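Residue numbers (the numbering used here): 9 to 183.
Beta carbons are placed, not taken as given, at the ideal position from N, Cα and C, and that holds for glycine.
Please read these numbers as outputs of a predicted model, since none were measured by experiment.
Notes follow the structure.
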Ligand SMILES: CC(C)(COP(=O)(O)OP(=O)(O)OC[C@H]1O[C@@H](n2cnc3c(N)ncnc32)[C@H](O)[C@@H]1OP(=O)(O)O)[C@@H](O)C(=O)NCCC(=O)NCCS
């Protein structure tokens, strides 16, 4: 059904926006130690999460926050890196997108991909003037989706609480 200005967006299942991006790491991606620079992985994470947010919200969405970016294992030149992402939770105009990054070592054919990084990003869907617009509720399809939704709500509460606490501490401070 078409979405109009006075109608709420229709709920969408997690599978509707789930997206993966893959890339082979090259010698242009390395840090001074010779392993892959964290920023290269972060760019892949932001790209795949942005695609998910755009698919879920049906239009442009901007990165509002990145947290829980965890690097678990080094990535090497030649590794085939996959970033898998989906919407974990949707609010009124914002969404949390979870990203799992895995790497297939270039020199070990047939071994299971290694889990190398995880991240949680908040995207806000925007109108052409940059102001926030409503996003569809997300429908969890599996028990894992439900768990991700529960955990996303915990992260949302802690993000908002720490932001409020910091704002209050700035207001109460007399410099
Ligand atoms: C993201 C942005 C559109 C939010 O605009 P805003 O006027 O602060 O919007 P609001 O206060 O109405 O918040 C909108 C939603 O975003 C959420 N939000 C805003 N900032 C957030 C933050 N730092 N962390 C988590 N959620 C945030 C709000 O909770 C709200 O969610 P809800 O509607 O689901 O309840 C605005 O800050 C912006 O344009 N930022 C720059 C984004 C950008 O350029 N990204 C690329 C980086 S290079």
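Residue 79 and residue 126 have their alpha carbons spaced roughly 7 Å apart.
The alpha carbon of residue 21 has as its nearest neighbour, out of 94, 129 and 69, the alpha carbon of 94. Taking residue 49 as reference, the option from 140, 123, 99 and 135 with the minimal CA-CA separation is 123. Looking only at 105, 170, 140 and 159, the smallest Cα-Cα distance to residue 58 is reached by 105.
Using a 10 angstroms sphere on the CB of residue 141, the tally of other CB atoms reaches 16 or more, which defines it as buried. Within the chosen limit of 7 Å, ligand 1 does not reach the beta carbon of residue 166 with any heavy atom. Environment of ligand 1, chain-ordered: 70, 71, 72, 73, 99, 100, 101, 102, 130, 132, 134, 138, 140 and 167, taking every residue with Cβ within less than 6 Å of a heavy atom.
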